[in-house]
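There are 2 protein chains.
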Amino acid sequence: MNTILQIEKPLFTVDSVLFTVHDGVLKVLMAKRAESPFEGYWGLPGGFIDINVDENTDMTARRKLLNKTGLVPSYLEQLQVISGPKRDPRGYSVTLAYYALVAHQNVESKIASVESACWLSVSELPKLLIAFDHRHIIDIAQQRLQQKTLYSMIPVFCLPEKFSIGQLIKVIEAIIEKPIQRKSLMRRIEASEMFEISNEKISSGGRLAQLYSLKPGADIVNFERNLSL
Amino acid sequence: MNTILQIEKPLFTVDSVLFTVHDGVLKVLMAKRAESPFEGYWGLPGGFIDINVDENTDMTARRKLLNKTGLVPSYLEQLQVISGPKRDPRGYSVTLAYYALVAHQNVESKIASVESACWLSVSELPKLLIAFDHRHIIDIAQQRLQQKTLYSMIPVFCLPEKFSIGQLIKVIEAIIEKPIQRKSLMRRIEASEMFEISNEKISSGGRLAQLYSLKPGADIVNFERNLSL
DNA sequence: CCAATAGTGTCTGTGAGACAGTATGAG
DNA sequence: CTCATACTGTCTCACAGACACTATTGG
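Sequence order for the protein chains is H and L. In case it helps, UniProt numbering puts the first sequence at residues 1 to 229. In case it helps, UniProt numbering puts the second sequence at residues 1 to 229.
Have a look at this one:
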């Protein structure tokens, strides 16, 4: 091609913070590291981009999630790039962090390269050994998720295709760690026009709950006000 | 260290979209490329990270802005990573784009490596030759700036230290391309508690305007509602 | 029947939009 | 004085919060 000084390149990795909510608790998917830096520590699923396979970094994130955990996220968005000379003992490192959401499902670590991938409660992370600065990345991801929950409907991606308002309330409250008004949520569901009323209802210990589902091809509306305070 | 297969790494670059507002027009800083890919096209100021110099990618962005344009931005924030095999003829490329704001000032291209850096009106970009996918990156940056202007005071970073409400209105209107209510803006300035009333006033063809300045150490408040519609 | 959860009606509160009215500078 | 721009007062409107009320299920 032409003369470019191939100056030293940093390590470039892609890591994902995959969240779900189960039993009213926010969980994050972590993998126990089987390999050298921070072996035995919990780390975010991620790795190096494969420029022969990955159309872009989104694909790297998805590929690594699938390989390491068998899961395909319902929602995936770039979070932030974290970089510096000291964050990886192997050298100067640049990590593109994603955050992602999925309905809760059991993780069978189908892949040998990882000892075990599993859902950890965000609240129990302080008790665990976390690799690199992944704890910090999770904090940033959690903040972003909380913020976005105040003005959008992304929490629906923590639920299955069809869901009830009651389920959605539980998910939102688990994310923002505050109670919300059912009424406000229903107004938003109505106003957003993102959802359609299913013909099914679900039993939940009282009156049957209407199930909703995302309209096919609907994009995610951002509201002009935040919830709560 | 240990055996890591050094699989092929992508090119990693950092580019910045530096905005300002001058005479009620949103401008972006572009440099005429003196070197090979897209020589003679307009490109965003940016380049490769220097892992021996840059503490992190923010520093890369700042260093490149300073080198290529002599400017130090008042505000700098990550925008997005864009990646893919085709966006740079030299190979698979990953770019971390930043967007930044600064008070308008003339650019003297102090550095020889760039033919000319100058402020281009965003509206005239369609008429010009833009390198790589930089046009697309600018579009994304502009959208983000518009969005953020609706719920924060970042446009003040397009103004000098001390500024009047009237100046700020002009900047905001240039960014979001819609008129706003002076009253709403004043309420926000009051409520945010980010600013202090200077002891100076500025003449502007009518009654003297009160000058404000950012309180030292004040952080940028996000409002819970958006402006306008 | 009761308990539990789903959903409605409606009042209050907050902050943006609109816009008329007042204040104060230059010429 | 007039004109231009700065600032204030105040009404309306949209939408979130609060909460009482009704509806519908299972036991």
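Ideal placement from N, C-alpha and C gives every residue a C-beta, glycine not left out.
Q | Met153 (chain L) to Leu214 (chain L) span [Cα, whole Å] | A | Distance between the alpha carbons of Met153 (chain L) and Leu214 (chain L) is about 10 Å.
Q) Are any of the Cβ atoms in chain H nearer than 8 Å to that of Gly84 (chain L)? A) At least one CB of chain H lies nearer than 8 Å to the CB of Gly84 (chain L).
Q. Between Pro89 (chain H) and the rest of its own chain, which residues show a CB-CB distance below 6 Å, the 5 nearest in sequence each way excluded?
A. Closer than 6 Å at the Cβ level, and outside the excluded window around Pro89 (chain H), lie Pro37.
Q) Does the distance from the C-beta atom of Lys32 (chain L) to that of Val122 (chain L) stay below 8 Å? A) When the beta-carbon positions are compared, Lys32 (chain L) and Val122 (chain L) stay at least 8 Å from each other.
Q) Smallest Cα separation from Gly84 (chain L): which of H:Thr57, H:Gln80, H:Ser83, H:Pro73? A) Cα-wise, what sits closest to Gly84 (chain L) is H:Thr57.
Q. Just reading off the alpha helix (DSSP H) that Ile154 (chain H) is part of, what are its end residues?
A. Counting along the chain, Ile154 (chain H) falls outside any alpha helix (DSSP H), and DSSP gives it neither H nor E.
**Q.** Test: Pro10 (chain H) CB closer than 8 Å to a CB of chain L
**A.** So yes, Pro10 (chain H) belongs to the interface.
Q) Is the Cβ-Cβ distance between Ser16 (chain H) and Leu65 (chain H) less than 8 Å? A) The answer is yes: Cβ separation under 8 Å.
Q) So, do the stretch 137–144 of chain H and the stretch 93–104 of chain H have three or more beta carbon pairs nearer to each other than 8 Å? A) They touch, by the three-pair rule.
Q: On a CA-only basis, which of H:Phe19, H:Asn199, H:Ile220 is nearest Gln210 (chain H)? Give me that one, please.
A: Looking at the Cα atoms, H:Asn199 is the closest of the given residues.
Q: Give every residue of the same chain whose Cβ lies closer than 6 Å to the Cβ of Phe223 (chain H), excluding the five residues on either side of it in the sequence, and list them in chain order.
A: When the five nearest sequence neighbours on each side are left out, the beta carbons in the same chain lying within less than 6 Å of the beta carbon of Phe223 (chain H) are those of Tyr151, in order along the chain.
(Q) Tell me the residue span of the alpha helix (DSSP H) that contains Asn67 (chain H). (A) Here the alpha helix (DSSP H) through Asn67 (chain H) covers 57–69.
Q) DSSP beta-bridge partners for residue 237 (chain L)? A) This structure gives no information on residue 237 (chain L), because the portion of chain L shown stretches from 1 to 229.
**Q.** Backbone CA spacing between Glu35 (chain L) and Ala117 (chain L) [nearest angstrom]
**A.** Between Glu35 (chain L) and Ala117 (chain L), the alpha-carbon positions lie close to 14 Å from each other.
Q) Between Arg87 (chain L) and Val81 (chain L), what straight-line distance do the alpha-carbon atoms span, to the nearest angstrom? A) Roughly 12 Å between the two C-alpha positions.
(Q) Relative to the C-alpha of Leu79 (chain H), which candidate in H:Leu71, H:Ala61, H:Gly70 has its C-alpha closest? (A) Taking only the C-alpha atoms, the option nearest Leu79 (chain H) is H:Ala61.
Q | Integer-rounded CB distance, given that Val107 (chain L) should sit under 8 Å from Gly47 (chain L) | A | 17 Å between Cβ atoms; not a contact.
Q.
Which same chain residues end up closer than 7 Å to Ile202 (chain H) when comparing Cβ atoms and leaving out the 5 residues on each side of it in sequence?
A. Ser164, Leu208, Ala209, Leu211, listed in sequence order.
Q. Where do the ends of the beta strand (DSSP E) carrying Gly46 (chain H) lie?
A. Counting along the chain, the beta strand (DSSP E) containing Gly46 (chain H) begins and ends at 46–48.
Q) Cβ of Leu96 (chain L) less than 8 Å from any chain H Cβ? A) So, interface residue.
Q: Sort H:Asp133, H:Ser74, H:Lys127 by Cα distance to His104 (chain H) and report the nearest one.
A: The shortest Cα separation from His104 (chain H) among H:Asp133, H:Ser74, H:Lys127 belongs to H:Ser74.
Q) So is Asn2 (chain L) in contact with chain H if we call contact Cβ pairs under 8 Å? A) For Asn2 (chain L), the predicted model reports a pLDDT of 41, less than 50, meaning its position is unreliable; a value from the coordinates is still stated below. Interface criterion met: the Cβ of Asn2 (chain L) is under 8 Å from a Cβ in chain H.
Q.
I'd like to check one pair, Ile169 (chain H) with Leu159 (chain H): are the Cβ atoms closer than 8 Å?
A. Going by C-beta atoms, Leu159 (chain H) is not nearer than 8 Å to Ile169 (chain H).
Q) How about Val53 (chain L) and Arg63 (chain L): are their beta carbons less than 8 Å apart? A) Cβ atoms of Val53 (chain L) and Arg63 (chain L): closer than 8 Å.
Q. What does a CB cutoff of less than 8 Å around Pro10 (chain L) pick up in its chain, not counting 5 residues either side in sequence?
A. Same-chain partners within the cutoff: Ser83, Gly91, Tyr92, Ser93, Val94.
**Q.** Within chain L, the residues that Arg225 (chain H) reaches when beta carbons sit closer than 7 Å
**A.** Residues of chain L passing the Cβ test: Glu224, Arg225.
Q.
Does any residue of chain H have a CB that is nearer than 8 Å to the CB of Ile51 (chain L)?
A. Contact with chain H is found for Ile51 (chain L), since one of that chain's Cβ atoms lies less than 8 Å from the residue's Cβ.
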